[in-house]
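K.L.:
First to last, the sequence lines map onto chains A and B. Read in my numbering, the first sequence has 242 at position 242, and its numbers run on one by one without any break. Read in my numbering, the second sequence has 84 at position 84, and its numbers run on one by one without any break. Cβ atoms here follow ideal geometry from the backbone N, Cα and C, with glycine treated the same way.
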Amino acid sequence: MRRGASSFNIVSVALGLAFLYLPIVILVIYSFNASRLVTVWAGWSLHWYRELLSDDAMLQAAWTSLRIAVLSANAATVLGTLSAIALTRMGGFRGRMLFSGMVYAPLVMPEVITGLSLLLLFVALNVDRGFWTIVIAHTTLTMCFVTVIVQSRLIGFDRSLEEAAMDLGCPPLKTFLTVTLPLIAPAITAGWMLAFSLSLDDLVIASFTTGPGATTLPIRIYSEVRMGVKPEINAVCTIMIAIVSVGTIAASLMAKRGAVRRERAAFGAQV
Amino acid sequence: MNANGKTGGRSWGARAVVLLPYLWMAVFFLAPFAIVLKISLSQTALAQPPYAPVLDLAAGWQGLKDFTERLSLDSYALLASDWIYLLSYLKSLEIAAISTAILLAIGYPVAYGIARCPRSLQPLLVMLVVLPFWTSFLIRIYAWINILQRDGLLNDVLIRLHVIGAPVAWLSSDTAIYIGMVYSYLPFMVLPLYATLEKLDVTLLEAAADLGCPRGRAFWLVTAPLSLPGVAAGVLLCFIPIVGEFVIPDLLGGSETMLIGQTLWTEFFSNRDWPVASAIAVALLGLLIVPIMLYERLQKRQLEGAR
Chain A
1 MRRGASSFNI
11 VSVALGLAFL
21 YLPIVILVIY
31 SFNASRLVTV
41 WAGWSLHWYR
51 ELLSDDAMLQ
61 AAWTSLRIAV
71 LSANAATVLG
81 TLSAIALTRM
91 GGFRGRMLFS
101 GMVYAPLVMP
111 EVITGLSLLL
121 LFVALNVDRG
131 FWTIVIAHTT
141 LTMCFVTVIV
151 QSRLIGFDRS
161 LEEAAMDLGC
171 PPLKTFLTVT
181 LPLIAPAITA
191 GWMLAFSLSL
201 DDLVIASFTT
211 GPGATTLPIR
221 IYSEVRMGVK
231 PEINAVCTIM
241 IAIVSVGTIA
251 ASLMAKRGAV
261 RRERAAFGAQ
271 V
Chain B
1 MNANGKTGGR
11 SWGARAVVLL
21 PYLWMAVFFL
31 APFAIVLKIS
41 LSQTALAQPP
51 YAPVLDLAAG
61 WQGLKDFTER
71 LSLDSYALLA
81 SDWIYLLSYL
91 KSLEIAAIST
101 AILLAIGYPV
111 AYGIARCPRS
121 LQPLLVMLVV
131 LPFWTSFLIR
141 IYAWINILQR
151 DGLLNDVLIR
161 LHVIGAPVAW
171 LSSDTAIYIG
181 MVYSYLPFMV
191 LPLYATLEKL
201 DVTLLEAAAD
211 LGCPRGRAFW
221 LVTAPLSLPG
231 VAAGVLLCFI
241 PIVGEFVIPD
251 LLGGSETMLI
261 GQTLWTEFFS
271 NRDWPVASAI
281 AVALLGLLIV
291 PIMLYERLQK
301 RQLEGAR
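#1: To the nearest angstrom, report how far apart tryptophan 48 of chain A and leucine 217 of chain A are at their CA atoms.
#2: Are the beta-carbon atoms belonging to leucine 79 of chain A and threonine 114 of chain A less than 8 Å from one another?
#3: Could you tell me the distance, in whole angstroms, from the CA atom of leucine 23 of chain B to the CA atom of isoleucine 219 of chain A?
#4: Decide if histidine 162 of chain B is buried, meaning its Cβ has at least 16 other Cβ atoms within 10 Å, or exposed.
#5: Run the CB neighbour count on aspartate 202 of chain A, radius 10 Å, all protein chains shown included, and call it buried at 16 or more, exposed below.
#6: Can you tell me which of A/Leu121, A/Phe157, A/Pro106 and A/Asp56 puts its alpha carbon nearest to the alpha carbon of cysteine 144 of chain A?
#7: Using the beta-carbon count (16 or more within 10 Å), is tryptophan 63 of chain A buried or exposed?
#8: Do you know how far the Cα of phenylalanine 157 of chain A is from the Cα of glycine 5 of chain B?
#9: Taking only the alpha-carbon atoms, compute the straight-line gap between isoleucine 184 of chain A and glycine 228 of chain A and give it to the nearest angstrom.
#10: When you compare the stretch 226 to 234 of chain B with the stretch 191 to 209 of chain B, are there three or more beta-carbon pairs, one atom per stretch, that lie closer than 8 Å?
#11: My guess is that leucine 41 of chain B and leucine 71 of chain B are in contact by the Cβ rule of under 8 Å, so how many angstroms apart are they, rounded?
#12: Restricting to Cα atoms, I'd like to know which of A/Ile233, A/Phe176 and A/Ser65 is closest to valine 28 of chain A.
#13: Spell out whether any CB of chain B is found under 8 Å from the CB atom of alanine 251 of chain A.
#14: In angstroms, rounded to a whole number, what distance separates the CA positions of isoleucine 149 of chain A and arginine 264 of chain A?
#15: May I ask you to report which of helix, strand or coil DSSP gives tryptophan 44 of chain A?
#16: Could you list which residues in chain A have their beta carbon closer than 8 Å to that of glutamate 296 of chain B, in chain order?
#17: Determine the DSSP secondary structure at alanine 3 of chain B, reduced to helix, strand or coil.
#18: Would you mind working out which of A/Phe208, A/Val108 and A/Phe8 sits nearest asparagine 117 of chain A, comparing C-alpha positions?
#19: Between B/Asp174, B/Leu298, B/Val222 and B/Pro275, which lies nearest to serine 92 of chain B when the distance is taken from Cα to Cα?
#20: In terms of DSSP beta bridges, what is asparagine 33 of chain A paired with?
#21: Considering only heavy atoms of the ligand NAD, does any lie closer than 7 Å to the CB of valine 222 of chain B?
#22: Let's test the definition: count the other Cβ atoms within 10 Å of the Cβ of tryptophan 83 of chain B and tell me whether it reaches 16, buried, or not, exposed.
#23: In whole angstroms, what separates the C-alpha of leucine 211 of chain B from that of threonine 203 of chain B?
#24: Tyrosine 21 of chain A: buried (16+ other C-beta within 10 angstroms of its C-beta) or exposed?
#25: Does any C-beta atom of chain A lie closer than 8 Å to the C-beta of threonine 135 of chain B?
#26: Isoleucine 85 of chain A touches chain B at which residues, Cβ-Cβ below 8 Å?
#27: Tell me whether the beta-carbon of leucine 252 of chain B lies closer than 8 Å to the beta-carbon of valine 225 of chain A.
#28: From A/Leu53, A/Tyr30, A/Arg50 and A/Glu51, pick the residue whose C-alpha is nearest to that of alanine 42 of chain A; which is it?
#29: Tell me whether aspartate 201 of chain B is buried or exposed, calling it buried when 16 or more other Cβ atoms sit within 10 Å of its Cβ.
#30: Under a three-way DSSP split, which group does glutamine 149 of chain B fall into?
#31: Mind reading off the beta-carbon distance from valine 204 of chain A to phenylalanine 246 of chain B? Whole number of angstroms is fine, and I expect it under 8 Å.
#32: Kindly give me the distance between the Cβ atoms of isoleucine 248 of chain B and threonine 100 of chain B, rounded to whole angstroms, as I take these residues to be in contact under 8 Å.
#33: Is there a Cβ of chain A sitting closer than 8 Å to that of leucine 303 of chain B, yes or no?
#34: Which residues mark the beginning and the end of the alpha helix (DSSP H) in which valine 188 of chain B is found?
#35: Using a Cβ-Cβ cut-off of 8 Å, state whether arginine 264 of chain A counts as contacting chain B.
#36: Show which residues of chain A have a CB atom less than 8 Å away from the CB atom of tyrosine 335 of chain B.
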């Protein structure tokens with residue numbers, strides 16, 4: 001597309017970004033408000049953060065959510081990477097249509113359907129619901145997102161590198177570990193982060209698949225919000241936003257540094 | 001790997017690559033749908049689990065026979081006879097269609113604007129669009145409660161500007177649902193649109209300009225048709241989940257109109273009517289199966305079409 005943005009283009013991008021960020025900025029500012037009321041500004045204060053630190057149930061829920069997110073993101077990254085390889089490097093295997101159908105459907109499937117069907121499966125299998133059923137449910141949902149991210153990276157790079165390695169007698173597994181894996185590593189990292197944040201975020205599927213004793217952070221926040229606005233929630237949200245922003249910026253800086261280093265290495269090899 | 005595949009003799013490792021995710025999805029995604037379908041044909045019971053009949057595999061063939069004889073279409077008959085459910089479906093479709101139209105009207109200029117910015121700036125702008133998506137969905141909806149509630153910021157600002165005299169009830173209305181939907185799904189609309197607009201061949205627009213086509217006309221004759229795959233992807237990516245959305249209408253919407261996601265939730269968690277909840281899920285899936293298949297085709301073409 002032609003470079004050179006008209007004033008209309010600049011205004012629409014600016015308005016779009018303002019729409020996306022204004023509510024978040026307001027929320028962050030009000031988490032430091034000393035007053036309980038949203039409309040009354042009573043000066044800066046860390047009151048709600050102190051309140052939050054003494055809220056054991058909320059901290060417990062956050063810890064549960066973090067553990068679920070790490071475990072399910074790990075499993076989803078392995079399974080998602082495998083299915084991306086299956087879809088791009090395995091040619092036509094039996095049942096391929098069904099497989100890609102199953103992998104792409106959860107991306108758009110309404111969460112109430114996925115949640116309900118998983119719960120009914122756990123009931124049918126007579127499994128005790130709780131921590132591990134949420135981990136399984138989140139793995140199932142997020143592995144599909146990992147698949148798509150890794151897949152788009154796999155079709156994007158030059159296959160002759162893999163072919164060259166194999167022509168020179170490198171066995172498939174070693175080719176994968178030494179050639180393919182380093183090339184798709186950024187996509188795998190991005191996939192893990194997406195799986196992690198989707199799991200941390202999910203309310204609907206976790207509500208269906210949870211059991212006694214496993215309250216995740218979104219379930220906790222949701223029940224608080226239903227009872228009315230509480231400034232303490234603003235503080236929880238601000239902390240989560242801070243973690244996510246730092247994580248995303250760090251990851252993109254790391255990706256950039258990695259790219260620079262690779263370029264330098266390639267340049268050095270040429271010289 | 002591929003050479004092996006052609007001759008048919010695959011190593012065990014290669015087979016495991018396919019089999020592991022395949023089995024996982026078959027057990028945790030496909031099989032549950034069969035169970036939902038089965039329970040939608042059952043009846044509520046005061047038991048644990050709260051439905052009957054329960055398939056007794058230990059009873060063998062006789063158990064299966066007893067089981068199939070007691071299946072019923074009662075839940076579906078209830079869905080068809082009670083207006084609440086039909087209205088709920090129609091309301092969901094209406095909200096989803098209008099939200100998607102607003103999303104397209106807002107998302108297109110934003111994506112177009114980003115695609116026209118200097119190339120060095122584009123990754124940053126795309127990241128800025130994606131970043132809110134990484135923060136919690138629940139948080140973003142909650143942020144709007146702060147703004148839209150009766151003594152919230154929007155009323156405060158509007159009263160100070162003398163636009164309105166008395167506070168307006170923004171929350172618990174369709175307007176609030178639309179705001180929440182558009183806000184939450186905007187990145188899903190902008191990203192696929194940007195992906196197609198960014199790849200657009202500039203020389204086509206130059207050719208149109210050289211032949212005397214005005215810029216506005218060139219947009220409708222060249223840019224708009226070529227961006228249709230992006231439009232289709234964005235529309236499907238927003239429309240399908242919005243139809244089944246639960247959190248946004250539950251927190252921002254009113255109590256008089258329930259969307260189908262809320263109806264399913266209530267039947268399941270409040271009324272503990274599992275068969276009806278399952279029947280609602282099956283009917284919802286039936287409603288969405290065509291858009292979902294269209295989406296899968298687009299996704300396949302995009303991710304596998306390279307070969």
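P.N.:
In brief:
#1: As a position in the first sequence, residue 48 of chain A is number 48, starting the count at 1. As a position in the first sequence, residue 217 of chain A is number 217, starting the count at 1. Cα-Cα distance, rounded: 17 Å.
#2: On the first sequence, residue 79 of chain A is found 79 positions in, with the first residue counted as 1. On the first sequence, residue 114 of chain A is found 114 positions in, with the first residue counted as 1. No, these two residues do not count as a Cβ contact at 8 Å.
#3: Counting from one through the second sequence, the residue named residue 23 of chain B turns up at place 23. Counting from one through the first sequence, the residue named residue 219 of chain A turns up at place 219. Distance between the alpha carbons of leucine 23 of chain B and isoleucine 219 of chain A is about 30 Å.
#4: Position 162 of the second sequence, counted from the first residue, corresponds to residue 162 of chain B. Flag for histidine 162 of chain B reads exposed.
#5: On the first sequence, residue 202 of chain A is found 202 positions in, with the first residue counted as 1. With 16 or more Cβ atoms within 10 Å of its Cβ, aspartate 202 of chain A is classed as buried.
#6: Numbered from its first residue, the first sequence carries residue 144 of chain A at position 144. The shortest Cα separation from cysteine 144 of chain A among A/Leu121, A/Phe157, A/Pro106 and A/Asp56 belongs to A/Pro106.
#7: Within the first sequence, residue 63 of chain A is the residue found at index 63, counting from 1. Label assigned to tryptophan 63 of chain A: exposed.
#8: As a working note, residue 5 of chain B is residue 5 in the second sequence. As a working note, residue 157 of chain A is residue 157 in the first sequence. Any reading at glycine 5 of chain B needs caution, since the residue's pLDDT is 41, under 50, leaving its predicted position unreliable; the model's value is listed next. If I take the Cα positions, the gap works out to 21 Å.
#9: Counted from its first residue, the first sequence places residue 184 of chain A at position 184. Counted from its first residue, the first sequence places residue 228 of chain A at position 228. C-alpha separation (whole angstroms): 45 Å.
#10: yes
#11: Residue mapping note: residue 41 of chain B aligns to position 41 of the second sequence, counting from 1. Residue mapping note: residue 71 of chain B aligns to position 71 of the second sequence, counting from 1. Between leucine 71 of chain B and leucine 41 of chain B the Cβ distance is about 4 Å, and since that is below 8 Å, they are a contact.
#12: In the first sequence, the residue the question calls residue 28 of chain A occupies position 28. Taking only the C-alpha atoms, the option nearest valine 28 of chain A is A/Ile233.
#13: Within the first sequence, the letter at position 251 stands for residue 251 of chain A. By this cut-off, alanine 251 of chain A is not an interface position.
#14: Against the first sequence, residue 149 of chain A aligns to sequence position 149. Against the first sequence, residue 264 of chain A aligns to sequence position 264. Whole-angstrom Cα-Cα distance: 26 Å.
#15: Counting from 1 along the first sequence, the entry for residue 44 of chain A is found at position 44. Residue state, collapsed to three classes: strand.
#16: By one-based count along the second sequence, residue 296 of chain B stands at place 296. Neighbours of glutamate 296 of chain B on chain A, chain order: Ser100, Gly101, Tyr104 and Ala105.
#17: Here residue 3 of chain B refers to the residue found at position 3 when the second sequence is read from its first residue. Confidence at alanine 3 of chain B is low in this model, with a pLDDT of 42, below 50, so the placement of that residue should be treated as unreliable; the coordinate-derived value is given next. Looking at alanine 3 of chain B - three-state DSSP - the assignment turns out to be helix.
#18: By 1-based counting over the first sequence, the position of residue 117 of chain A is 117. According to the sequence shown, residue 117 of chain A is serine rather than asparagine. Among A/Phe208, A/Val108 and A/Phe8, the Cα nearest to that of serine 117 of chain A belongs to A/Phe208.
#19: Here residue 92 of chain B refers to the residue found at position 92 of the second sequence. Checked all of B/Asp174, B/Leu298, B/Val222 and B/Pro275; the closest Cα to serine 92 of chain B is B/Asp174.
#20: Within the first sequence, numbered from 1, the residue matching residue 33 of chain A stands at position 33. According to DSSP, which records beta bridges pairwise, asparagine 33 of chain A is partnered with A/Trp44.
#21: For the structure depicted, the ligand NAD is absent and the ligand set is empty, with no information on it obtainable.
#22: Numbered from its first residue, the second sequence carries residue 83 of chain B at position 83. The residue in question, tryptophan 83 of chain B, is exposed, as its Cβ has fewer than 16 Cβ neighbours within 10 Å.
#23: As a first step, residue 211 of chain B must be located in the second sequence, where it is residue number 211. As a first step, residue 203 of chain B must be located in the second sequence, where it is residue number 203. Near 12 Å, if we compare the C-alpha coordinates of threonine 203 of chain B and leucine 211 of chain B.
#24: For the purposes of this step, residue 21 of chain A is taken as the residue at position 21 of the first sequence. Tyrosine 21 of chain A comes out exposed.
#25: Here the question's residue 135 of chain B lines up with position 135 in the second sequence. Closer than 8 Å: yes.
#26: Residue 85 of chain A sits at position 85 when you count from the first residue of the first sequence. Within 8 Å Cβ-Cβ: Val17.
#27: The residue given as residue 252 of chain B occupies position 252 in the second sequence. The residue given as residue 225 of chain A occupies position 225 in the first sequence. Contact: no.
#28: As a position in the first sequence, residue 42 of chain A is number 42, starting the count at 1. The shortest Cα separation from alanine 42 of chain A among A/Leu53, A/Tyr30, A/Arg50 and A/Glu51 belongs to A/Tyr30.
#29: The residue given as residue 201 of chain B occupies position 201 in the second sequence. Exposed is the call here.
#30: Locating residue 149 of chain B in the second sequence gives position 149, counting from the first residue. Here glutamine 149 of chain B sits in coil by DSSP.
#31: Taking the first sequence and counting its residues from 1, one reaches residue 204 of chain A at position 204. Taking the second sequence and counting its residues from 1, one reaches residue 246 of chain B at position 246. Yes, valine 204 of chain A and phenylalanine 246 of chain B are in contact; Cβ-Cβ is about 6 Å, under 8 Å.
#32: For the purposes of this step, residue 248 of chain B is taken as residue 248 along the second sequence, with counting starting at 1. For the purposes of this step, residue 100 of chain B is taken as residue 100 along the second sequence, with counting starting at 1. 14 Å between Cβ atoms; not a contact.
#33: The residue labelled residue 303 of chain B in the question sits at position 303 within the second sequence. Chain A contact via Cβ: present.
#34: Position 188 of the second sequence, counted from the start, is the residue given in the question as residue 188 of chain B. With the sequence shown as reference, residue 188 of chain B is identified as phenylalanine, and valine is not the correct amino acid for it. Here the alpha helix (DSSP H) through phenylalanine 188 of chain B covers 174 to 199.
#35: For the purposes of this step, residue 264 of chain A is taken as residue 264 along the first sequence, with counting starting at 1. So no, arginine 264 of chain A is outside the interface.
#36: With chain B covering 1 to 307 only, the question about residue 335 of chain B has no answer from this structure.
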